[in-house]
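Colleague: In the numbering used here, the protein residues as written are 30 to 218.
#1: Please report how far the alpha carbon of residue 102 lies from the alpha carbon of residue 133, in whole angstroms.
#2: Excluding five sequence neighbours on each side, which residues of the same chain lie with their C-beta closer than 6 Å to the C-beta of residue 214?
#3: Could you tell me the distance, in whole angstroms, from the CA atom of residue 174 to the CA atom of residue 75?
#4: So who's on the other strand from residue 138, going by DSSP bridges?
#5: Do residue 45 and residue 56 have their C-beta atoms within less than 8 Å of each other?
#6: Within the chosen definition, does the segment 35-49 reach the segment 175-193 through at least 3 CB pairs nearer than 8 Å?
#7: Can you list, in chain order, the residues of its chain whose CB lies under 6 Å from that of residue 140, leaving out five sequence neighbours each side?
#8: For residue 204 versus residue 95, is the C-beta spacing smaller than 8 Å?
#9: Any idea which residues DSSP pairs residue 111 with across the strands?
#10: In chain order, what residues of the same chain have a beta carbon less than 6 Å from the beta carbon of residue 151, not counting five sequence neighbours either side?
#11: With a threshold of 8 Å on Cβ separation, who are the neighbours of residue 67 within its own chain once the five nearest residues in sequence on each side are excluded?
#12: Residues in the same chain with beta-carbon distance under 8 Å from residue 70, minus the five sequence neighbours each way, listed in chain order, please.
#13: Pick out whichever of 130, 131, 148 has its Cα sitting closest to the Cα of residue 138.
#14: Helix, strand or coil for residue 106? Go by DSSP, reduced to three states.
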């Protein structure tokens, strides 16, 4: 097994050598964030943190994308956030789903590189027609309507938040677990 560990380390070093200086900073910050922030279902927090922190602390302007993901097993397209820089995705959230008993853990994706493998989710900027039909169906049923309305509202709120540094900072500073922006930024560097 030691040979496998050396092989993975060499592969990671080879991948990192292909990255620009800024892409290496993105990868380093993302890896540290994933290591110190073990919360499940934290796609919004981690993506918004990366956007805000990389911009403010490192002068790197990426984008927190609030879109949708699908695991390929049904037509539900869940609201999800990831970070993009130079055309590459960083997704720390799918590897630690909010409901691991219901959702398949996806890969840990850093600057377009699969650091840890997982279920292959697809990414979508907008919800496709089949997903829209599934939402309409859930909104039409009293037992799922309230939950779906809340999820749709959250998606719109997070989409708006991702476009404003002030809203991102307020969101991060109102963390329910006291892991505010300053606390996390100090640990991430």
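Heads up, the beta-carbon is just placed ideally off N, CA and C, and yes, glycines get one too.
Modeller: Quick answer:
#1: The alpha-carbon atoms of residue 102 and residue 133 are separated by roughly 10 Å.
#2: In its chain, beyond the 5 residues on either side, 82 have a beta carbon closer than 6 Å to the beta carbon of residue 214.
#3: Residue 174 and residue 75: Cα-Cα distance of roughly 28 Å.
#4: DSSP lists 120, 143 as partners of residue 138.
#5: Yes, the pair counts as a contact, with Cβ atoms nearer than the cut-off.
#6: Contact between the segment 35-49 and the segment 175-193 is absent: fewer than three C-beta pairs spanning the two stretches fall below 8 Å.
#7: Taken in chain order, the residues that qualify are 52, 55, 56, 117, 119.
#8: In this structure, residue 95 does not lie closer than 8 Å to residue 204 by Cβ.
#9: Bridge partners of residue 111: 94.
#10: The beta carbon of residue 151 is closer than 6 Å to those of 99 in its chain, skipping five residues each way along the sequence.
#11: The beta carbon of residue 67 is closer than 8 Å to those of 125 in its chain, skipping five residues each way along the sequence.
#12: Answer for residue 70: 122, 125, 126, 127, 128, listed in chain order.
#13: In terms of Cα proximity to residue 138, the closest of 130, 131, 148 is 148.
#14: Residue 106 carries a coil assignment under DSSP once its states are collapsed to helix, strand and coil.
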